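In this note's numbering, the protein residues as written are 1474 to 2190.
Idealized CB from N, CA, C, for every residue including glycine.
Predicted, not measured: the structure shown is a model, and the values here were computed from it.
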């Protein structure tokens, strides 16, 4: 790799302010923005991406450490605070999401490791008085085999940190890498086991108080009145602070603050959602399918002309509900705001957005904002936003001390930025071979991206939308405009419907709901053509070798060509998403509308699998997420959320969880992420299996709308 390519590919962070050497005489030396080596040979790798359970705090350090030649037992990690050096090189924005951490930062980690290795080697050559070409690096030491001498990384780190970036970089061959592609012990697990791990809700700061909040039951409602004296009379209450649409009570402990709110006699006025209901929304979207001015997003051939001439046109309408993120760690942020400093501790995905909201809320400069990123107890897209952080800035400034603001589960459910509800209409005709000769696909959907797109400094409030609710974003049609199938006459259209709801991305982004529609309908076409669902997809995806490979692999895993046990049925689905492929097969049984999901098999192609253990955990956890999404939804009546806790928004339980098996198919493609890929085909695979068992198609989620519910995975046999 040339120096020009090195600097152009976002690795210019080597020369950024974060990349300066920081130490000598025993103090750790920073070779670049990602790497610090101490005199005792401890190697600290900075992880730019938020650790949310997906294992990125191990996966990326392994890549850098392997390329570097470090001793893994001496490697530690730390989470990066906000710094432009860690921005996504394409979006120029620091965030974690969209399953892009591996695909984006893998090449950067390789390059950083190679640069540091060559700088250490150069410093060692000077120390030992030998040519660089006579040295080799292994397990944290630089060896000169002819003389039997060696030096450790820590011994030469300070000298190496003063050297310029090498003019040319040489990456290790695949065969020379020892850790990439093999399961590793996760760096973050020991602290999570012994309780020393710090999530946002664990943060303790000297002098800190705790705040609970209560907002209007309908988003955007107005706080009309409250009894401040009664609240302050409660035990250990410190202060009462008004926040947008609500009130914060500050106390010594969370429970005291929440109890004070419970008796606060808060009165609210309605907001813009006061007339919003799920029932009306569904009818409105259905009406728009026939009346709205759709915008063409993909067009191949003449789908409408072929359909007009077809004898039989098959048509289906699908409804996808709004979904809450419902992270297990509730929204929280600890902040200490003074006249000249804002320090915050936060479990976040949208690091740069939160940094900017801190500036805008406090009026302080970049260098006066100090951010500490903690571990994240579930993100799923919710923590890309900054609304929960802004509460902490407002309250801390008002009371003049550090304050941890914690949202209750009810506040989290009412003031989420939901995955938007979507309605699809899909039509197709079949040729003489049973394959689709034409297909049209209409999508009525709000934008997914209103709240989370990077915005210029001129925008005065990053915690609110930057554009009209009708603004287009690709997520509404992703997975549809680039399907793994050959469709000679194909048209995809979207109508960008306005919505008063706060909406955002949800794990799987647009791929999940869109895949449910497409793969359910492909299954319908296979049945209409009287063809096996797997064989039908193999023919339709014949031009895509990666799709064929995962389909064939999952067929073997699930023993697809053999009949399932008596009383059971199988379903299958294929997804091309997040630069990867996944084919999923499901075996289940149905009795009196109770579904027992027994087995889920996933064949996955994410290019080069960096850590099979971590990747499999992500896929399998994703399957559980996908199963939960078949049961959960968020509904509204008179603008108020009806599901405000887990009694109404119920993920699958352990006893409802099937056996889950994962196999990786190596394709030679560039590495891609697994954090969001696993659940993408789960809805369709399960619903296709339900059809195989019952003959009933599910075209509206959740499955309870068709009368189905989950049963323990081992009940039916």
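**Request:** Measure from the alpha carbon of residue 2007 to the alpha carbon of each residue in 2024, 2018 and 1874, then state which is nearest.
**Result:** Start at 1 with the first residue of the chain shown, and residue 2007 comes out as number 534. Per the Cα distances, 2024.
**As assigned by DSSP and simplified to three states, the class of residue 1809** = Stepping through the chain shown from its first residue, residue 1809 is reached at position 336. Strand.
**Message:** Taking the beta strand (DSSP E) that residue 1898 belongs to, which residues open and close that run?
**Reply:** Indexing the chain shown from 1 puts residue 1898 at position 425. Unbroken beta strand (DSSP E) run through residue 1898: 1895-1903.
**Message:** Let's test the definition: count the other Cβ atoms within 10 Å of the Cβ of residue 1740 and tell me whether it reaches 16, buried, or not, exposed.
**Reply:** Position 267 of the chain shown holds residue 1740. Residue environment for residue 1740: exposed (fewer than 16 other C-beta atoms within 10 angstroms of its C-beta).
**Asked** Which residue from 2063, 2053, 1907 and 1800 puts its Cα closest to that of residue 2098?
**Response** Residue mapping note: residue 2098 aligns to position 625 of the chain shown, counting from 1. Nearest option by C-alpha distance: 1800.
**Request:** Please list the segments of the alpha helix (DSSP H) lying wholly inside the segment 1694-1758, counting only runs of 4 or more residues, in order along the chain.
**Result:** 1701-1705 and 1727-1735
**Request:** Please work out which residues of its chain come closer than 6 Å, Cβ to Cβ, to residue 2029, disregarding the five sequence neighbours upstream and downstream, and give them in chain order.
**Result:** Residue 2029 sits at position 556 when you count from the first residue of the chain shown. Cβ within range, chain order: n/a, list empty.
**Request:** Count the other CB atoms, across all protein chains shown, that sit within 10 Å of the CB of residue 1764; report buried if there are 16 or more and exposed otherwise.
**Result:** In the chain shown, residue 1764 corresponds to position 291, counting from 1. It is exposed - the Cβ of residue 1764 has fewer than 16 other Cβ atoms within 10 Å.
**Prompt:** Roughly how many angstroms separate the alpha carbons of residue 2075 and residue 2086, rounded to a whole number?
**Reply:** For the purposes of this step, residue 2075 is taken as the residue at position 602 of the chain shown. For the purposes of this step, residue 2086 is taken as the residue at position 613 of the chain shown. If you take the alpha carbons of residue 2075 and residue 2086, they lie about 14 Å apart.
**Request:** Per DSSP, which residues does residue 1963 bridge with? Please list them.
**Result:** Along the chain shown, one-based indexing puts residue 1963 at 490. 1773 and 1912.
**Request:** Report all residues from its chain with a CB closer than 7 Å to the CB of residue 1796; omit the five preceding and five following residues, and keep chain order.
**Result:** By 1-based counting over the chain shown, the position of residue 1796 is 323. Result list for residue 1796: 1891, 1892, 1979, 2102, 2105, 2106 and 2107, in chain order.
**Asked** Three-state secondary structure (DSSP) at residue 1489?
**Response** Position 16 of the chain shown holds residue 1489. Confidence is the limiting factor: at residue 1489 the pLDDT is only 34, short of 50, which leaves the residue's position unreliable, though a coordinate-based value still follows. Residue state, collapsed to three classes: coil.
**the segment 1507-1520 touching the segment 1627-1637, judged by at least three CB pairs closer than 8 Å** = Using a Cβ-Cβ distance cut-off of 8 Å, the segment 1507-1520 and the segment 1627-1637 are in contact, since at least three pairs of beta carbons, one from each stretch, lie closer than that value.
**Request:** Name, in chain order, the residues that DSSP records as bridge partners for residue 1463.
**Result:** Outside the shown range of the chain (1474 to 2190) lies residue 1463, about which nothing can therefore be said.
**Unbroken alpha helix (DSSP H) run spanning residue 1532, endpoints** = What you label residue 1532 is simply residue 59 of the chain shown in a count that begins at 1. Element bounds for residue 1532: 1529-1541.
**Prompt:** How many angstroms separate the CA atom of residue 2184 from the CA atom of residue 1996?
**Reply:** One-based indexing of the chain shown puts residue 2184 at position 711. One-based indexing of the chain shown puts residue 1996 at position 523. About 24 Å.
**Prompt:** Roughly how many angstroms lie between the CA atoms of residue 1974 and residue 1640, to the nearest whole one?
**Reply:** For the purposes of this step, residue 1974 is taken as residue 501 along the chain shown, with counting starting at 1. For the purposes of this step, residue 1640 is taken as residue 167 along the chain shown, with counting starting at 1. Each residue's alpha carbon lies about 52 Å from the other.
**Nearest-angstrom Cα separation, counted from residue 2060 out to residue 2033** = Residue numbering aside, residue 2033 sits at position 560 when the chain shown is read from its first letter. Residue numbering aside, residue 2060 sits at position 587 when the chain shown is read from its first letter. Their backbone Cα atoms lie some 10 Å apart in a straight line.
**Asked** Would you report the Cα separation of residue 2003 and residue 2053, rounded to the nearest angstrom?
**Response** By one-based count along the chain shown, residue 2003 stands at place 530. By one-based count along the chain shown, residue 2053 stands at place 580. So the alpha carbons of these two residues sit roughly 30 Å apart.
**Item:** Identity of the residue in 1667, 1899 and 2037 nearest residue 1913 by Cα
**Value:** To locate residue 1913, count along the chain shown from 1; it is residue 440. With respect to the C-alpha of residue 1913, the residue from 1667, 1899 and 2037 having the closest C-alpha is 1899.
**Message:** Contact defined as beta carbons within less than 8 Å: I believe residue 1666 pairs with residue 1807. What is the distance between those atoms, to the nearest angstrom?
**Reply:** Sequence index remark: in the chain shown, residue 1666 carries index 193 (1-based). Sequence index remark: in the chain shown, residue 1807 carries index 334 (1-based). In fact, because the Cβ distance is near 24 Å, the residues do not count as touching under 8 Å.
**Item:** Inter-stretch contact (C-beta, 8 Å, three-pair minimum) for the segment 1774-1794 and the segment 1825-1845
**Value:** no
**Request:** Would you kindly report the start and end of the unbroken beta strand (DSSP E) that includes residue 1551?
**Result:** Translated into the one-based positions of the chain shown, residue 1551 becomes position 78. That run of the beta strand (DSSP E) goes 1548-1552.
**Request:** Using the Cα positions of residue 1497 and residue 1597, report the straight-line distance between them to the nearest angstrom.
**Result:** The residue labelled residue 1497 in the question sits at position 24 within the chain shown. The residue labelled residue 1597 in the question sits at position 124 within the chain shown. Model confidence at residue 1497 stands at a pLDDT of 37, short of 50, so the residue's coordinates are unreliable and nothing is read from them.
**Simplified DSSP state of residue 2120, which is helix, strand or coil** = Mapped onto the chain shown, residue 2120 falls at position 647. DSSP places residue 2120 in coil when its eight states are reduced to three.
**Request:** Can you check DSSP and say which residues form a bridge with residue 1519?
**Result:** Along the chain shown, one-based indexing puts residue 1519 at 46. In the DSSP output, where bridge partners are listed per residue, residue 1519 has 1551.
**Prompt:** Considering only residues of the same chain and omitting the five flanking positions on each side of residue 1463, which have a CB-CB separation below 7 Å?
**Reply:** Because the chain spans 1474 through 2190 in this model, residue 1463 falls outside it and cannot be assessed.
**Request:** Report all residues from its chain with a CB closer than 6 Å to the CB of residue 1772; omit the five preceding and five following residues, and keep chain order.
**Result:** The count along the chain shown starts at 1 and reaches residue 1772 at position 299. Cβ neighbours of residue 1772 beyond the five flanking positions: 1964.
**Asked** What number of angstroms, rounded off, separates the C-alpha of residue 1817 from the C-alpha of residue 2147?
**Response** To locate residue 1817, count along the chain shown from 1; it is residue 344. To locate residue 2147, count along the chain shown from 1; it is residue 674. Near 30 Å, if we compare the C-alpha coordinates of residue 2147 and residue 1817.
**Request:** Tell me, please, whether the segment 1728-1736 touches the segment 1704-1713 by the rule of three or more beta-carbon pairs shorter than 8 Å.
**Result:** When Cβ pairs closer than 8 Å are counted between the two stretches, the segment 1728-1736 is seen to touch the segment 1704-1713, the count reaching three or more.
**Prompt:** Which whole-angstrom value is the C-beta distance of residue 1685 and residue 1879, which I expect to be below 8 Å?
**Reply:** Within the chain shown, residue 1685 is the residue found at index 212, counting from 1. Within the chain shown, residue 1879 is the residue found at index 406, counting from 1. The pair is a contact, with the Cβ atoms about 6 Å apart (cut-off 8 Å).
**Request:** To the nearest angstrom, report how far apart residue 1715 and residue 2121 are at their CA atoms.
**Result:** Along the chain shown, read from residue 1 onward, the residue named residue 1715 stands at position 242. Along the chain shown, read from residue 1 onward, the residue named residue 2121 stands at position 648. Between residue 1715 and residue 2121, the C-alpha separation is close to 29 Å.
**Prompt:** For residue 1853, which three-state DSSP category applies?
**Reply:** For this step, residue 1853 is matched to residue 380 along the chain shown. Note: residue 1853 maps to coil in three-state DSSP.
**Asked** Under three-state DSSP, which class holds residue 1566?
**Response** Counting from 1 along the chain shown, the entry for residue 1566 is found at position 93. Note: residue 1566 maps to strand in three-state DSSP.
**Asked** Are residue 1525 and residue 1851 touching if we call contact CB-CB under 8 Å?
**Response** In the chain shown, the residue the question calls residue 1525 occupies position 52. In the chain shown, the residue the question calls residue 1851 occupies position 378. Yes, the pair counts as a contact, with Cβ atoms nearer than the cut-off.
**Opening and closing residue of the alpha helix (DSSP H) in which residue 1653 lies** = Taking the first residue of the chain shown as position 1, residue 1653 is located at position 180. It is not in any alpha helix (DSSP H) - residue 1653 carries neither H nor E in the DSSP assignment.
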